[in-house]
Amino acid sequence: MQAGRLIVLTGPSGVGKGTLLQLLLQRHPELYLSISATTRSPRPGEVDGQHYYFVSRARFEAMVAGGELLEWAEYAGNYYGTPRAAVEEKIRLGQSVILEIEVVGARQIHQTFPSALRIFILPPNLAELEQRIRDRGQDSEEAIARRLDRAKAEIDAADEFDLQIVNDNLKDALKKIEVAICAANPNIQFG
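According to the numbering used here, the sequence shown holds residues 860 to 1050 in order.
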């Protein structure tokens, strides 16, 4: 059996990574979604081990020190990271693993797992990205401005990644991700 492949989806907040990932996993349950560890508190409805592994700051720092994470970053005062053991085990068993992570973590993956397929999701333009963030109705004007400033810097980094896909049409973007995953891993045959 051939080893699986690590696939990274990244891009700015509001670009539609989560929506694309949900559709991809619905269509292809053979893909394994890696669960991140975080120091933030669970939100209503979130389940430990299903949405995240919720850990203390001290435990997270011990995971970093022990080399237990493929990547990690601090975002909005909390740590987020990808536990190494489960990802490596799934790949060894021939399964492809998907990470949906921030750009900082995706850059680290290039160092810790250079064979990963790194896909950067782009918005059609900044005006559309701003509208998507506003439509969420979750952020203050100050938070929206911070997200947009960060998005501009992240978009400037898109060329660092293996593939850039513009999410201007959900169906088309999903198809491009599927084609890239199939090309990257002969174990996967999407119909």
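Just so it is clear, CB atoms sit at the ideal spot from N, CA and C, and this is done for glycine as well. Quick caveat: nothing in here was measured; it's all calculated off a predicted structure.
In this chain, the alpha helix (DSSP H) harbouring E1013 covers E1000 to D1015.
Ranking R864, K1035 and T869 by CA distance to the CA of Q967 puts T869 first. DSSP places E930 in the uninterrupted beta strand (DSSP E) bounded by L928 to Y934. In this structure T878 touches L1029 by the C-beta definition: roughly 7 Å separates them, less than 8 Å. Unbroken alpha helix (DSSP H) runs of no fewer than 4 residues, entirely contained in the region 871-905, are found at 876-886, following chain order. For G996, no alpha helix (DSSP H) run applies, since DSSP gives it neither H nor E. Annotated three-state conformation of D1031 is helix, per DSSP. In the assembly as shown, A944 is an exposed residue. Its beta-carbon has fewer than 16 other beta-carbons within 10 Å. Two segments are said to touch when three or more pairs of C-beta atoms, one from each, lie closer than 8 Å; by this definition the region 1004-1019 does not touch the region 898-914. The count of Cβ pairs closer than 8 Å, one atom from the region 883-895 and one from the region 942-960, reaches three, so the stretches are in contact.
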